[in-house]
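Beneath this line is the structure, given in structure tokens, with notes to follow.
Number of protein chains: 2
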Amino acid sequence: MPETTSIIPVILSGGSGTRLWPMSTPETPKQLLALTADETMLQLTAQRASGDHFAPPIVVANQRHAEEIEAQLKAVGTPAQALILEPVARNTAPAIALAALAAGGGDAALLIMPSDHVITDTDAFHAAIHAARPMVDQGWLVTFGIDPHAPETGYGWIHVGEAVAPRVHKVARFVEKPPRDRAEAMLAAGDHVWNGGIFLFRADAFLGALAVHAPEVLHAAQQAMLKARHEGARVHPDPQAFAASPSDSIDYAVMEKAPRVAVVPVSMGWSDLGSWDALHELSACDGSGNVCKGDVVAIETENCLVQADGVRIALVGVTDLIVVANGKDVLILPRGRSQEVKKLIEAMK
Amino acid sequence: MPETTSIIPVILSGGSGTRLWPMSTPETPKQLLALTADETMLQLTAQRASGDHFAPPIVVANQRHAEEIEAQLKAVGTPAQALILEPVARNTAPAIALAALAAGGGDAALLIMPSDHVITDTDAFHAAIHAARPMVDQGWLVTFGIDPHAPETGYGWIHVGEAVAPRVHKVARFVEKPPRDRAEAMLAAGDHVWNGGIFLFRADAFLGALAVHAPEVLHAAQQAMLKARHEGARVHPDPQAFAASPSDSIDYAVMEKAPRVAVVPVSMGWSDLGSWDALHELSACDGSGNVCKGDVVAIETENCLVQADGVRIALVGVTDLIVVANGKDVLILPRGRSQEVKKLIEAMK
Chain A
1 MPETTSIIPV ILSGGSGTRL WPMSTPETPK QLLALTADET MLQLTAQRAS GDHFAPPIVV
61 ANQRHAEEIE AQLKAVGTPA QALILEPVAR NTAPAIALAA LAAGGGDAAL LIMPSDHVIT
121 DTDAFHAAIH AARPMVDQGW LVTFGIDPHA PETGYGWIHV GEAVAPRVHK VARFVEKPPR
181 DRAEAMLAAG DHVWNGGIFL FRADAFLGAL AVHAPEVLHA AQQAMLKARH EGARVHPDPQ
241 AFAASPSDSI DYAVMEKAPR VAVVPVSMGW SDLGSWDALH ELSACDGSGN VCKGDVVAIE
301 TENCLVQADG VRIALVGVTD LIVVANGKDV LILPRGRSQE VKKLIEAMK
Chain B
350 MPETTSIIPV ILSGGSGTRL WPMSTPETPK QLLALTADET MLQLTAQRAS GDHFAPPIVV
410 ANQRHAEEIE AQLKAVGTPA QALILEPVAR NTAPAIALAA LAAGGGDAAL LIMPSDHVIT
470 DTDAFHAAIH AARPMVDQGW LVTFGIDPHA PETGYGWIHV GEAVAPRVHK VARFVEKPPR
530 DRAEAMLAAG DHVWNGGIFL FRADAFLGAL AVHAPEVLHA AQQAMLKARH EGARVHPDPQ
590 AFAASPSDSI DYAVMEKAPR VAVVPVSMGW SDLGSWDALH ELSACDGSGN VCKGDVVAIE
650 TENCLVQADG VRIALVGVTD LIVVANGKDV LILPRGRSQE VKKLIEAMK
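Residue numbers (this note's numbering), protein chains in the order written: chain A, 1 to 349; chain B, 350 to 698.
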């Protein structure tokens, strides 16, 4: 990447998802766990956007995770230039506004990345960033469109429009989480991609778009940062000012409304790791189709995902099962039904 | 039961089985666990032979369980008259010899009971004891033959011979654990019963039979008791003397050899609870065929046995599964395969 100015990675660590319960909990959300490698999802995200062409990251996170995030980033040599600790969660548009302001609000390019996604082909990711950069420098808001391989109803989709530069296309339309038949039609048509929630734009371009399309978000973020408390790299936005912001996603607040929005389709081994099934699919299996982690004894067991943390799991003669246990909870469900963790969490409330 | 002298229950608590792993372990064997009721198997065994016609029990146990056994028996109001703490395990013949000597070796009737069996119909059990008593008083060694309902290859069987008193038959022959076809033939013939390991005989009759058929066992037990250390109700047989005993079952050492051996067939809801499947069969199921104990959340789950101790188990969409977890271990296997716990224990060694 021959760009003269470094890209500032902005890592969004706001997720408190429970889709990988019992491993992911509000105390230890998915991004802080090592699920696909020895590194945590956060560490992998930071490493993916480090090196010559990247500045140290800005991280936006829940204040309860401050110490853990600092320790994890330090451990892989990618300390944050700013760790913005949200006093309350207000979705992605306000979070990114804080980061854009912390970056100075000028023409620096910001690479917005969720902290808990898998990207196995970093080269493809970097090439897509490289392709996007000229339009970004001209003030376009760029999203990366994930090459779809299934009629997913859990993602937003993007209708890819005309090319405006090599590999860069205008967004014809954003499509909210579609019904199944619509998803199948989009997959078959071949001109739609998944909205992966990864963006590249200049700070000023984003803040300018906010000023037009979501002025209340911008105002709240500005006030929160004006009155912010600084503590080393930690930034504590003013709680009252930030809490006044509407809770909006970047898609809804800006991307779906701004005029110069582009998409770079890319195939880079992306996954949002939204379920235990997704982890099983991503992981290298043993000869019996099992993915075992921790203290696991499996006899005549096939095509299972077994994760043991703090306990030993012993299985005989089971097939196509997902088993995840820590010292407090044991989750058991068949492969293909891991989205139903939600039902359990509801039932346990 | 109109007998003039009380029967002395002899409870054998030597089992250290691991068939109900991970709940049963050498530290907390099956008899010390509450599996079928609020009471433990030991407590249920003691209660089953308490009341007007029974003296306080003599218990033979591993010395590591002394305090737990005392506490459990005290809690249900059936303290032992003697708690004989074996310094080493030497199978049932030497254990019963210790108890017979502790009982004074006279004409007192001893009711030998494993401490970890289920008997749901206590009235039937008492009636069988009552039927056996006249022959016992005449010096016969009586075993109770369990009415068989399956071609079990894991039990010894007894060929029921001619009647010698109402309900009491000579033992035609003991059959060691048979192959499947033999078991099926015995079940079909209708003249065989299972050897449940429950016996009734006079102490002197048993010791006399030992003197003839297993004199080394008798000698070792006598020496061990002569040099025993007494501590309240606790009896510590001399370790060196007891260790010198051959390790023999009562069946092999005495019952298969003595001349006056009888069997009282009885149907009393007996089970040796030899597997998690056996427990599932014995237990009352909910409307979905599940037997759940502890902190269990089950959604769309059918015909499962789920036992949670110290952890929470959450299931969605599973069927015919046995799941047993404590704070250290999680066991998962399909119903019908719980005998294979053995394989796991071997694999974990």
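We put the CB at the ideal spot given by N, CA and C, even for glycine.
T143 (chain A): which of A:Y155, A:K170, A:S50, A:H53 sits nearest, CA to CA?
By 1-based counting over the first sequence, the position of residue 143 (chain A) is 143. It is A:K170.
Burial state of Q421 (chain B), where buried means 16 or more other Cβ atoms lie within 10 Å
What you label residue 421 (chain B) is simply residue 72 of the second sequence in a count that begins at 1. The residue is buried, with at least 16 neighbouring Cβ atoms inside 10 Å.
Residue range of the unbroken alpha helix (DSSP H) whose run includes L682 (chain B):
By one-based count along the second sequence, residue 682 (chain B) stands at place 333. No alpha helix (DSSP H) contains L682 (chain B), which is instead part of the beta strand (DSSP E) from 678–683.
Look at the Cβ atom of P428 (chain B), then the Cβ atom of P405 (chain B), and state whether they are nearer than 8 Å.
Looking up residue 428 (chain B) in the second sequence gives position 79. Looking up residue 405 (chain B) in the second sequence gives position 56. Closer than 8 Å, so yes.
For the beta strand (DSSP E) containing V217 (chain A), name the first residue and the last one.
Along the first sequence, one-based indexing puts residue 217 (chain A) at 217. First-last for V217 (chain A): 215–226, but that is the alpha helix (DSSP H), not the beta strand (DSSP E).
So, at 6 Å on beta carbons, what are the nonlocal neighbours of G208 (chain A) in its own chain, with the 5 sequence-adjacent residues on each side left out?
One-based indexing of the first sequence puts residue 208 (chain A) at position 208. Answer for G208 (chain A): no residue qualifies.
Within the chosen definition, does the segment 366–377 of chain B reach the segment 435–449 of chain B through at least 3 CB pairs nearer than 8 Å?
no
Could you confirm whether any beta carbon from chain B is found closer than 8 Å to the beta carbon of G17 (chain A)?
Here residue 17 (chain A) refers to the residue found at position 17 of the first sequence. So no, G17 (chain A) is outside the interface.
Opening and closing residue of the alpha helix (DSSP H) in which W276 (chain A) lies:
By one-based count along the first sequence, residue 276 (chain A) stands at place 276. Residues 276–282.
Provide the residue span of the alpha helix (DSSP H) that contains L41 (chain A), from first to last.
For this step, residue 41 (chain A) is matched to residue 41 along the first sequence. Sequence check: residue 41 (chain A) is Met here, not Leu. Residues 41–48.
List the endpoints of the continuous alpha helix (DSSP H) containing D137 (chain A).
Taking the first residue of the first sequence as position 1, residue 137 (chain A) is located at position 137. Looking at the DSSP string, the run of the alpha helix (DSSP H) that includes D137 (chain A) is 122–137.
Report the partner residues of A314 (chain A) according to the DSSP bridge assignment.
Position 314 of the first sequence holds residue 314 (chain A). Note: A314 (chain A) sits in a beta bridge opposite A:V297, B:L680.
Can you tell me whether Q307 (chain A) is helix, strand or coil according to DSSP?
Numbered from its first residue, the first sequence carries residue 307 (chain A) at position 307. Reduced to three states, the DSSP call for Q307 (chain A) is strand.
Cβ-Cβ distance between C292 (chain A) and A298 (chain A) below 8 Å:
For the purposes of this step, residue 292 (chain A) is taken as residue 292 along the first sequence, with counting starting at 1. For the purposes of this step, residue 298 (chain A) is taken as residue 298 along the first sequence, with counting starting at 1. Yes. Within cutoff.
Cβ of E689 (chain B) within 8 Å of any chain A Cβ:
The residue given as residue 689 (chain B) occupies position 340 in the second sequence. Yes - at least one Cβ of chain A is within 8 Å of the one on E689 (chain B).
Output the distance between the C-alpha atoms of E3 (chain A) and I250 (chain A), rounded to the nearest integer angstrom.
Translated into the one-based positions of the first sequence, residue 3 (chain A) becomes position 3. Translated into the one-based positions of the first sequence, residue 250 (chain A) becomes position 250. Note on E3 (chain A): pLDDT 47, under 50, position unreliable in the model; the coordinate value appears next. Their backbone Cα atoms lie some 26 Å apart in a straight line.
Closer than 8 Å, CB to CB, is M372 (chain B) near chain A or not?
Along the second sequence, read from residue 1 onward, the residue named residue 372 (chain B) stands at position 23. It does not; no Cβ of chain A falls within 8 Å.
P358 (chain B) - containing beta strand (DSSP E), residue span:
For this step, residue 358 (chain B) is matched to residue 9 along the second sequence. From DSSP, the beta strand (DSSP E) with P358 (chain B) extends over 356–362.
Buried or exposed for R202 (chain A), going by 16 or more other Cβ atoms inside 10 Å?
Here residue 202 (chain A) is taken as the residue at index 202 of the first sequence, counted from 1. Classification of R202 (chain A): buried, given that the 10 Å Cβ count is 16 or more.
When the Cα of M225 (chain A) is compared with those of A:I69, A:L44, A:A278, A:A100, which residue comes out closest?
Residue 225 (chain A) sits at position 225 when you count from the first residue of the first sequence. Nearest option by C-alpha distance: A:A100.
Along chain A, which residues have their Cβ under 7 Å away from the Cβ of G643 (chain B)?
Walking along the second sequence from the start, residue 643 (chain B) turns up at place 294. Near G643 (chain B) there are no residues of chain A at all, since even the closest Cβ is about 11 Å away, more than 7 Å.
Is the beta carbon of V425 (chain B) less than 8 Å from the beta carbon of A395 (chain B)?
On the second sequence, residue 425 (chain B) is found 76 positions in, with the first residue counted as 1. On the second sequence, residue 395 (chain B) is found 46 positions in, with the first residue counted as 1. The answer is yes: Cβ separation under 8 Å.
From M1 (chain A) to G269 (chain A), what distance separates their C-alpha atoms?
Taking the first sequence and counting its residues from 1, the one referred to as residue 1 (chain A) is at position 1. Taking the first sequence and counting its residues from 1, the one referred to as residue 269 (chain A) is at position 269. With a pLDDT of 42 at M1 (chain A), under the threshold of 50, the predicted position of this residue should be treated as unreliable, and no value is reported.
Got a sec, what are the start and stop residues for the beta strand (DSSP E) E511 (chain B) sits in?
For the purposes of this step, residue 511 (chain B) is taken as the residue at position 162 of the second sequence. 506–514 is the span of the beta strand (DSSP E), which, as asked, contains E511 (chain B).
In chain A, which residues lie with their C-beta within 8 Å of the C-beta of G666 (chain B)?
Position 317 of the second sequence, counted from the start, is the residue given in the question as residue 666 (chain B). The contacting residues are L333, P334, R337, E340.
C-alpha gap between G539 (chain B) and D320 (chain A), whole angstroms
Along the second sequence, read from residue 1 onward, the residue named residue 539 (chain B) stands at position 190. Along the first sequence, read from residue 1 onward, the residue named residue 320 (chain A) stands at position 320. Whole-angstrom Cα-Cα distance: 43 Å.
Cβ distance (whole Å) where M23 (chain A) is taken to contact N326 (chain A) below 8 Å:
Looking up residue 23 (chain A) in the first sequence gives position 23. Looking up residue 326 (chain A) in the first sequence gives position 326. Confirmed, Cβ separation roughly 7 Å.
Does DSSP put L450 (chain B) in a helix, in a strand, or in coil?
Reading the second sequence from its first residue, position 101 is the one you call residue 450 (chain B). Helix.
So F403 (chain B) and S355 (chain B) are in contact, right, with Cβ under 8 Å, and what is the actual spacing, rounded?
Sequence index remark: in the second sequence, residue 403 (chain B) carries index 54 (1-based). Sequence index remark: in the second sequence, residue 355 (chain B) carries index 6 (1-based). Rounded, the Cβ-Cβ distance is 6 Å, consistent with contact.
Could you tell me whether the Cβ atoms of R397 (chain B) and F474 (chain B) are closer together than 8 Å?
Looking up residue 397 (chain B) in the second sequence gives position 48. Looking up residue 474 (chain B) in the second sequence gives position 125. Yes; because the gap between Cβ atoms is below 8 Å, this pair is in contact.
What's the C-alpha gap between V584 (chain B) and L680 (chain B)?
Here residue 584 (chain B) is taken as the residue at index 235 of the second sequence, counted from 1. Here residue 680 (chain B) is taken as the residue at index 331 of the second sequence, counted from 1. The alpha-carbon atoms of V584 (chain B) and L680 (chain B) are separated by roughly 37 Å.
With DSSP as the reference, label E501 (chain B) as helix, strand or coil.
By 1-based counting over the second sequence, the position of residue 501 (chain B) is 152. Coil, per DSSP.
Run down chain A in chain order and give the residues with a C-beta less than 9 Å from the C-beta of M697 (chain B).
Residue mapping note: residue 697 (chain B) aligns to position 348 of the second sequence, counting from 1. Under the 9 Å cutoff, chain A gives V297, R312, A314.
Rounded separation between L567 (chain B) and A602 (chain B) - CA only
Along the second sequence, one-based indexing puts residue 567 (chain B) at 218. Along the second sequence, one-based indexing puts residue 602 (chain B) at 253. If I take the Cα positions, the gap works out to 11 Å.
What residue does the beta strand (DSSP E) around K343 (chain A) start on, and which one ends it?
Taking the first residue of the first sequence as position 1, residue 343 (chain A) is located at position 343. First-last for K343 (chain A): 341–348, but that is the alpha helix (DSSP H), not the beta strand (DSSP E).
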